[in-house]
Amino acid sequence: MALASVLGYKSNDDFSRSMKCSKTDDSIDRFDEKLNIENISKFITLPPFSDPAKYLKMVNDNVDRVRIQFLKGTTTLAFKFRNGVIVAVDSRATAGGFIASGEVKKVIEINPYLLGTMAGGAADCAFWERVLARHCRIYELRNKEKISVAAASKILANMIFEYRGMGLSMGTMIVGWDKRFRFCYMKGPGLYMVSDDGERISDNLFSVGSGSIYAYSVLDAGYKYEMSTADAIDLGRRAIVHAAHRDAASGNIVRIYHMKETGWEKIEEEDTNNYMYRYRQDETMNF
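Counting in numbering that gives the first Met the number 0, the sequence shown tops out at residue 286, every number present.
Written out as structure tokens, the structure is:
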């Protein structure tokens, strides 16, 4: 089976056993059929209560001994310009007022020509974009060509749509480059935003996360589609640094990627504080 071989399993039985979930209550069935690309979502264990988001909020509000903070913060952005797409993110992970990590990789490298960003629940974004990577690989094996950005983002949106109301927390962007026209989709750089209710939007510029309002202030002031690559990289960097300075839930490392026709390229990763000091010393920067 193609999917099992891609993931390195010797047989379909091994793959099926590894994906089966234990039964948590009578409402959750255990699936015994072989896994294939059409029923992969059936193997995701559902929580043992009907409305996870409502139940967890009740637990957090009414039980003194349990304090589950689902307040999250981040800053991710991506925008098109004449030479491709710039993707810039921070690296801070928070849970309420607690900084859980300062080294989270919020750009998920789906494959050499597709990127995804992470905003919301880290586990949700990482898991579903890995599932998307499997779908994209299967598409390549079946059709002998790369999947389009539009199709990849649509697959992700369809999967997420099935789990509306189940407590997912996602605000992810899918970035790539289409080398030919497909139906009504344009050739060239592609940028789509997919939310946790399955909504899918295409535009030239997006910013997602608690620091996005600060990032937008820089992007709106400096964005031009015809800008050079150097100017585009600097704009993405300044937007993340500004958001990290103003938003307590964003910060640490700024990572920048450039999506080109030949695939993505990692440009840099550096501490936002280093840039902050440089910008403050530059009298020409209105920061």
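We put the beta carbon where it would ideally sit given N, CA and C, even for glycine.
Residue pairing by DSSP puts H257 in a beta bridge opposite I85, E264. DSSP places K53 within a helical segment (H, G or I) once states are collapsed to three. Residue environment: G96 is assigned as exposed (fewer than 16 neighbouring CB atoms within 10 Å of its CB, all protein chains considered). Between A243 and T261, the gap from beta carbon to beta carbon reaches 8 Å or more.
In chain order, K71, G72, A99, A248 place their CB closer than 7 Å to the CB of T93, counting only its own chain and leaving out the 5 sequence neighbours on each side. Taking a 10 Å sphere around the C-beta of K53, we find fewer than 16 other C-beta atoms and assign the residue as exposed.
For F78, the beta-bridge partners assigned by DSSP are I85, L204.
Within the region 109 to 162, the complete beta strand (DSSP E) runs of at least 3 residues fall at 113 to 116. Between the beta-carbon of S206 and that of L76 there is about 4 Å, and that keeps the pair under the 8 Å contact cut. Counting C-beta pairs with one atom in each stretch, the region 186 to 205 and the region 138 to 152 have three or more that are closer than 8 Å, which means they touch. Per DSSP, the continuous alpha helix (DSSP H) segment holding G221 begins and ends at 211 to 221. Linking F80 to S201 through their CA atoms gives a straight-line distance of about 14 Å. Distance from Y256 to E264 at the Cβ level is roughly 7 Å; contact confirmed, criterion being Cβ atoms closer than 8 Å. For M192, the enclosing beta strand (DSSP E) has its first and last residue at 187 to 194. For E139, the CB contacts under 8 Å within the same chain, skipping 5 residues up- and downstream, are K145, I146 in chain order.
According to DSSP, A94 shares a beta bridge with F97. Exposure of G164 is indicated by the presence of fewer than 16 other C-beta atoms within 10 angstroms of its C-beta. A check of alpha carbon separations from I232 across E267, A132, R133 identifies E267 as the nearest. According to DSSP, R279 shares a beta bridge with no other residue. With respect to the C-alpha of G221, the residue from R129, Y276, L234, F160 having the closest C-alpha is L234.
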